[in-house]
Every structure is written in C-alpha cells, then in structure tokens.
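Chemist: Take a look at this one; I'll ask things after.
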Ligand code: NA
Ligand code: NA
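Chains as they are written, first to last, in my numbering: chain A, 1 to 185; chain B, 1001 to 1434; chain C, 2001 to 2301.
The following block contains the structure:
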C-alpha cells in the first residue's frame, strides 16, 4: 500500500514536470521556426512559415497540468508554504494536534475542490465547451487533468492524516533538505 | 452587519488560520469560501472551480515556471559563482560591495520578467548561496532581494501595467515607458541605502578581499562572459523579434541548459533535480495564486473593497489627502489580498475619483505599481515573502522584517513621484513628441 | 430588492461598458430600485472566457461577451465575423436580424436569453505601408487570434502570427507581426501610431458584443421588472448602435490626428477582399449547415 501510494505521488509529479518540459520545447520550436525563417529570407529562400498552432492556449493548459499534478509531490517535499512558528513553540503533544487540524482542514478543502473540479469538467463535456483559438481544444481534457491532480492531492492528505492520527510524523515533517541556502528558525 | 466589521473578521480569520500553521494557499481558499458561504448566495464551489480554472490556464503565467526552472539550472551550474567572482574585484571599493548584485541583478532581470515572484526566485536562487558563502549579512542579502524583486513589476515588461492598461484603456507601451525612470530611481534608492548601511555597519560586512593585480582582475572579468551572453541572449531574443516576452522565458531555459552543458555541470541528476525543483516551487506559487484569485472573486461578490474605496471617495478629499488615503487603503488591503487583485477590484471606483482630482492616468498607473510592489513584501499575503520563505526557510514574518527598510524606501519613492510627476511622465511624453 | 452581479470583459472607458452602465441605470429607474445591476467591468469578476458559462451556471445572472468568442462552440456565433459578408452598419443590422432567431435558439438551449447586441466599429487593416491590392499583403506576418482570422490571413497570402492583445505594440516594433485587422477603437486605444503608419478603412466585418441573461434568473423577476429589463434592453440596443457609429467617426479621426494615414481602400483591394469574403462565406455555410444556409438566405432577401 505504502509503495503504491508513493508511486502514485511520484508519477503525478513526474507528469507535472513533463508538462513544463513540453511547454519549453513547444516555445523553443516556435522560436527556432522564426530564426529559420529569418535565415531563409535573408538567404533569398522561401520561408518555412512554421507555426506551433494555438501555442498560447495549449501552453496554458499544460501549465494547469504542471501546477495541479505536482500538488501532492510538493506537499510531501514540504514545499507548500506555511507559518510554523506556533508549531515550534508549543509542546510536542499540542503540535501533533495542530498538525492534525491543519491536515484535516486541507483535506476537507481538497476533497470539496476535487468534487467541484470534476463537476466543471463534466459540465464542459456535456456542453461541448472548447477553447477559442485556432485549434478548438475540448476543455474537458485539461479540466480532467486538473481534477486528477486535486484527487491525488486529496489522497496524499488523507494518507498524512491517517499517519498523524496514528501518532507518527506526517510526510512533510520528515523531509531533510540538503540545501545550502536553507535557513534556520 | 457592517462591511468594515465583516472585513475585520475575515482579516482576523486569515491571521488565525495562518497562525495555526495552515498552508497559505489553503488559508486563502478557506477564507474565500467562508466569505462566499456566509455573505453571498451563489454556489461557492462552482465559483471556486470556475475561477481557479480561469486563473490557472494562463499563457502569461507560463513565464513563471520557466524562469524558476532557469534559476534552478543556473544554481546547479558554475554560472553564479563565475558571475560573483567576475564582479567582486570591481565592486570592492563600493560600500556594500556584492550586495548591490541583488539590486542590479533584479533590475536587469526585470527587463525580461513581468512578475515580481519570478524575478525574486530566479535572482535569489543564484545570488543567495553566493552571498551567504562569502559571509554577507543574511538580513541584508534577503532584504535587498525581497525589495528589488518587486522591480519586476515596475521595469517593463510588467503584468500589472498590462492589467491596468487594459482596464483603463491606456496605451500599454506608454505605461511601460513611464515605468523606466521610476524603476531606475528605485534601484538608486536601494543602492544608496545599502551603501549607507554598509558604511555604518562595517563590522557586519565580510572581510575585504585582497586587491588583485590588473591582469588577474581582467582575467576574473572574463568569467562574466557566460552571464553576459545569457542576458544578451534573452533580452536580444525579444528585441530582435524572435520571441515575445513570455516566450523569452523558455529561451532562458534553453540557453541555461546550453551554458550548463558547456561548463560541464549538465548531467542526468542535475537536469532532473533542477526540473523537479522548478516543478515544486512553481506548483507552490501557482496554488497560492489560485487561492488569491478565488479570494479576489469572493471579495468582488461581497463588494468589500469596492465599498471601502467608495467610502474614501465620499470624503471629498483634496488631491494630496486623497493620495495619502489611497496609499493607506492599498497598504492595508495589500496585506491580505494580492496587490494586483486590489487594483482589479477597485479601479472602477477609484479611477473616477482620480480623474476628478485631475491626476494623469499614466502617472497614476505608476503610482499604483509602486503600491502593489509594496504589497508583495507585506505579511501575511506577499508573494516575494512566499518565494523567499521557500528558498531560505525563514518564515514570512521574519522575511518581511528584513524587507522593512525597502518597504519604507518605496514609500519615499511614492513621495518623490508625487513631488516630481515628471519622473513618470517625461519619457512617455518625449515618446509622443517623437 | 434584487441585486444582479454583471461581469463584462471591457474597461469602464469603453463605449460598450458605458452603454451597459446606462442600461443598468435605466433598469434601476424603471423598476424603482427593486432590481439593481452591479457591473464588474474589465473581467474583474469573471474573465472573458469564463463569462458565458458563469451566467449559464447562475454564478452571475447577467453578462456580456463578444459573440464570436463562441464560434468554436457553434458556427452560428461566427456569422458576424465572416469577412466582407456585411461590410456596413446597415448590412450588419440586417445580418444581425437574420441571425438573431438562430442565436436565440442556441442560447436558449443553454438556458440563456439574448437581451441585446451592439457592434464594434468596422474592422480595418493596419499596416506599416499602404496596401493597394491583396498582393501587397503576401508574405506579411498578419495577426491571427482565432480560426477565422487565421483563414483570412492565409487566403490573403500572408503568414499568420499568433499575438496576444497586450503583446501587440512589442510585436509590431520588433517585427514579429507586420499587419493586423481590427477596429479603429482598438487601434486608437492602443495608440497604433506608435507602431504602424497606415489604416485601411476596409469595413471587413462588424463583430458584435451581446448582453444576455440566465433564463431562470430572468423568470424569477416580477412581470413589471421583466418588462423594465426588456424595455431598457431595447433602448440600449438602439443607443449602442448609434454610439458605435459615433465611436467609428471619432476614433478614425483620432488615428488621423495622430499621423496615421487613413486610406480609403482602392477598388482593386475591395474586389480582392470581396473574393476572399465569398470563399469564407461559403466555407462558413458548409460548417454551419442548415442553420447557416437559413441565415444567409434570410440575409440576402
Ligand atoms: Na519587468
Ligand atoms: Na502583502
């Protein structure tokens, strides 16, 4: 179970990273196309007129994938920002309760959000919503990706809630960072 | 219930949520949901999904993860070390020495990045480890970065000026021109402060390095070539018509990979680490941005910012008193809402007052950017604070304290552009004449 | 008292928004303050792409969008953007009347009701040189922002360039784009004289904005309130069409005053563009099927 869950979080984050990689590649292709046309025109040749169609819209959709699929991985690497002054000031028992409260709130939000994102995607599917640009992308696809990212996030929060309730440290509290600019509290 | 009481309760709710250690993004979403549930009769969950979808699928926003990724790649290459080694001999006689790199670096980077978070993240990733390793005062290293990171908004291109220009039908090109001199002025103010601070706090500055013979100095300067090449490549791609400012961010990634490869630091591990680091940092920021976008819409429904602004309008203040009132209003609201949201929510109410007071709308745009810049470093909701907490591990309130002198310098900058409106208006007017 | 939140895409200075403000005032007055419309301009509540769905789902009872934004959803919403099909206010009005039943039906399927629709000023060609015939456009990078403008650029022999609106000045001054087709309003507001020299008054098409309500929200009003809204809408439509004509005149003058050469297109250019228009009208009809054929037939009557 633990292994399967960790694989799920890792896979989602890896997919998010792939989205960023694809954005960079598409933009680079577009710019290379312009450079090539510059050179062709300067050399007296017919330009290639290469275009990545609907680049702006598609990059926007990929960004949704990058942002939402990484939510769980970011949580487990303790990269979501929070203020933990109080947590560090109170005794261990109280800190445990605080962490349970924090995870529970986030879990309720994530679950509610997942449900509503799913409704959004479903609605786009029913009404055949598409993007506005040159390529009419059915919005249900990127919205389903957003829902998936939120679902994995909710699962990871449930995971951490159970761990915290059983009296162990949640994933984000056990991260050790070997970062040279990491400060101390 | 009175709107100001509701506003106060929401603000306290946000502080309480953050104090108990709830993640910033989750706190923003929760406060917005509470406001929607109790004050508005539309389905809050549907609004949340719709708004977040609209805010998250954004072409302009793609520049942010690209620049963050670029910073991660450069951080793992030798480039920042080279840059500091190259600059060091030249700055040894300038009080404050390499602290100025933060300010100038942000100033130059602001010329390609329209966002303050991207500017802070990219420059900080490169400069903070170097400054720390060289023994510079951490408070100043982080403070200068928090302050000058906001230049991303003032020096063109700028996301906030695009938003303002679209809402007020002002020429975006003119607004961009108007930001240039105030941006340079802010750089000078920051550098002046750093110099004075360094003169007064000699014991906090690292040991002076040995003087170098001229030949060695020139040799060290050669190490600046890669970073100069990178800057020329990115800015050049925009001005040569090869890339839009948003596309230039991806060019930055490609050039950084190239430099990293050329310096022999690119391998499978460093590539994957940089990409994963960038993915997580941009996810963190995007999630907070999503929460801020939803809170903006919730506030739009409740009408709180609009009513507060209208209340200022009802006082019939003189132009200077109006500016003071507006500045206070923006600073207070800017603590809890993203600065750009405040502009979006209140332009409709504020612009008629501003026009009636006889202020120039281009000038007012620059004033607004300065106030929005301030909101980036006021706790609890300030994007530069989030970026720097993520990078340094110091909590946002501590970072905000380090940034306080720069907040005050921005107030001074506002006073200066009020006293000398030409600072903002001269360039765009010269452009009109030409 | 009922309060309606109304998201709109354009800023307060825009003539569409000003017309909506007058409409809101009138509704308030006619209903004796029992229905108040709170305008959220410049995408401050929902951004342009989200407005239609926000109204459909009842997140806002009323809203405004550019009609052709919905053309990927249904070609019926793209008829006002077929180039040179209706190149004047009178023809645009006639086309609107021909298309209105189909538009109302399509909106009705989504639980939406059309209140009124107002055109933008006619679209002209902005370029850095005078365009005497379509051949002059060949090889130029022409701005395209949706399927129709892309097709037009290709038929004119140009290279399409995808440029987002705020990026236009930079794109022109750095040579990523050489020409664009838009209204004198947009040209004047973005101070087009900073980056182009010629404006060709081709009146290619008159894109429209529309104001529409959520049917359930409308049905929940009292009969008096319903009547007040419909009356105010009718007045707003009339006022909006006149305002659009005034806007065309003043903004074209602004362009001229700032040194842009305003070109009345040569008969050769008109002829060339009309030929492209015919091709695109045929393509549009094929896409829009029976509904499209019915619109064109009613229009040509
Ligand atoms: Na900038
Ligand atoms: Na703030």
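For each residue, glycine too, the CB sits at the ideal point set by N, CA and C.
Would you say residue 133 (chain A) reaches chain C, if we count a Cβ-Cβ gap shorter than 7 Å as a contact?
Modeler: yes
Chemist: Ignoring anything shorter than 4 residues, give me the alpha helix (DSSP H) runs that lie fully in the stretch 104 to 158 of chain A, in order along the chain.
Modeler: The DSSP assignment places no complete run of the alpha helix (DSSP H) inside the stretch 104 to 158 of chain A (cut-off: 4 residues).
Chemist: Does any C-beta atom of chain B lie closer than 7 Å to the C-beta of residue 90 (chain A)?
Modeler: no
Chemist: Between which two residues does the alpha helix (DSSP H) harbouring residue 2127 (chain C) extend?
Modeler: Here residue 2127 (chain C) belongs to no alpha helix (DSSP H); instead the beta strand (DSSP E) covers 2124 to 2127.
Chemist: Could you please give the first and the last residue of the uninterrupted beta strand (DSSP E) stretch that includes residue 2120 (chain C)?
Modeler: No beta strand (DSSP E) holds residue 2120 (chain C); DSSP gives it neither H nor E.
Chemist: Express the C-alpha separation of residue 2154 (chain C) and residue 2283 (chain C) in angstroms, rounding to a whole number.
Modeler: The C-alpha of residue 2154 (chain C) is placed about 14 Å away from the C-alpha of residue 2283 (chain C).
Chemist: Quick one: residues in its chain with C-beta nearer than 6 Å to the C-beta of residue 1149 (chain B), no 5 flanking neighbours on either side, listed in chain order?
Modeler: 1106, 1116, 1119, 1120 and 1384
Chemist: In the DSSP assignment, what residue or residues form a beta bridge with residue 2213 (chain C)?
Modeler: DSSP lists C:2062 and C:2113 as the beta-bridge partner residues of residue 2213 (chain C).
Chemist: Would you tell me roughly how many angstroms separate the C-alpha atoms of residue 147 (chain A) and residue 110 (chain A), rounded to the nearest one?
Modeler: 10 Å
Chemist: Please state whether DSSP places residue 1125 (chain B) in a helix, a strand or coil.
Modeler: helix
Chemist: Out of C:2060, C:2012 and C:2031, state which residue places its alpha-carbon closest to the alpha-carbon of residue 2215 (chain C).
Modeler: C:2060
Chemist: Give me the pocket residues for ligand 1, defined as CB within less than 6 Å of any heavy atom, sorted by chain position.
Modeler: Residues flagged by the Cβ proximity filter: B:1110, B:1113, B:1114, B:1152, B:1155, B:1156, B:1157 and B:1158.
Chemist: Counting contacts by CB-CB distance shorter than 7 Å, is residue 1239 (chain B) in contact with chain C?
Modeler: yes
Chemist: What does the alpha-carbon distance come out to for the pair residue 82 (chain A) and residue 1336 (chain B)?
Modeler: A straight line joining the alpha-carbon of residue 82 (chain A) with that of residue 1336 (chain B) spans about 15 Å.
Chemist: CB of residue 1291 (chain B) to nearest heavy atom of ligand 2: below 6 Å?
Modeler: no
Chemist: Assign residue 1261 (chain B) to one of two classes, buried (16 or more other C-beta atoms within 10 Å of its C-beta) or exposed (fewer than that).
Modeler: exposed
Chemist: Cβ of residue 1253 (chain B) within 7 Å of Cβ of residue 1069 (chain B)?
Modeler: yes
Chemist: Using a threshold of 6 Å, is the CB atom of residue 1381 (chain B) nearer than that to any non-hydrogen atom of ligand 2?
Modeler: yes
Chemist: If contact is defined by three or more beta carbon pairs under 8 Å, each pair taking one atom from either stretch, is the stretch 2084 to 2103 of chain C in contact with the stretch 2124 to 2139 of chain C?
Modeler: no
Chemist: Excluding five sequence neighbours on each side, which residues of the same chain lie with their C-beta closer than 8 Å to the C-beta of residue 1244 (chain B)?
Modeler: 1238
Chemist: List, in chain order, every chain B residue whose beta-carbon is nearer than 7 Å to that of residue 77 (chain A).
Modeler: 1280
Chemist: On the three-state DSSP scale, how would you describe residue 1434 (chain B)?
Modeler: The pLDDT assigned to residue 1434 (chain B) is 42, lower than 50, so where the model puts this residue is not dependable; a value taken from the coordinates is nonetheless given after this. Reduced to three states, the DSSP call for residue 1434 (chain B) is coil.
Chemist: Would residue 188 (chain A) and residue 72 (chain A) qualify as a contact pair, given that the criterion is a beta-carbon distance under 7 Å?
Modeler: Summary: the structure shown does not reach residue 188 (chain A), with chain A confined to residues 1 through 185, and so no result is reported for it.
Chemist: Residue 1321 (chain B) to residue 2287 (chain C), Cα distance in whole Å?
Modeler: 60 Å
Chemist: When you check each C-beta in the stretch 49 to 77 of chain A against every C-beta of chain C, which residues fall closer than 7 Å?
Modeler: 49, 51, 55 and 56
Chemist: Short of 7 Å in beta carbon distance, which residues of its chain neighbour residue 2298 (chain C), apart from the five on each side in sequence? Order them along the chain.
Modeler: The residues are 2098.
Chemist: Can you give me the C-alpha to C-alpha distance between residue 2124 (chain C) and residue 2183 (chain C), rounded to a whole angstrom?
Modeler: Cα-Cα distance, rounded: 6 Å.
Chemist: Just the Cα atoms here: how many angstroms apart are residue 102 (chain A) and residue 1281 (chain B)?
Modeler: 21 Å
Chemist: Give the list of continuous beta strand (DSSP E) stretches no shorter than 3 residues that lie fully inside the stretch 2136 to 2174 of chain C.
Modeler: 2141 to 2144 and 2159 to 2162
Chemist: Give the DSSP-derived three-state secondary structure of residue 2208 (chain C) in the structure shown.
Modeler: strand
Chemist: Which same chain residues, not among the five before or five after residue 1154 (chain B), have their C-beta less than 8 Å away from its C-beta?
Modeler: 1110, 1179, 1182, 1183, 1186, 1366, 1369, 1370 and 1373
Chemist: Helix or strand or just coil, what does DSSP make of residue 1366 (chain B)?
Modeler: helix
Chemist: My understanding is that residue 1331 (chain B) touches residue 1378 (chain B), with C-beta atoms under 8 Å, so please give their C-beta distance in whole angstroms.
Modeler: 7 Å
Chemist: Please list the residues of the stretch 1026 to 1040 of chain B that have a C-beta atom closer than 7 Å to any C-beta atom in chain A, keeping them in chain order.
Modeler: Here the close residues are 1026, 1029 and 1030.
Chemist: May I ask which residues mark the beginning and end of the alpha helix (DSSP H) holding residue 2299 (chain C)?
Modeler: 2267 to 2300
Chemist: On the CB-based measure, 16 or more other CB atoms within 10 Å of its CB, does residue 2057 (chain C) come out buried or exposed?
Modeler: buried
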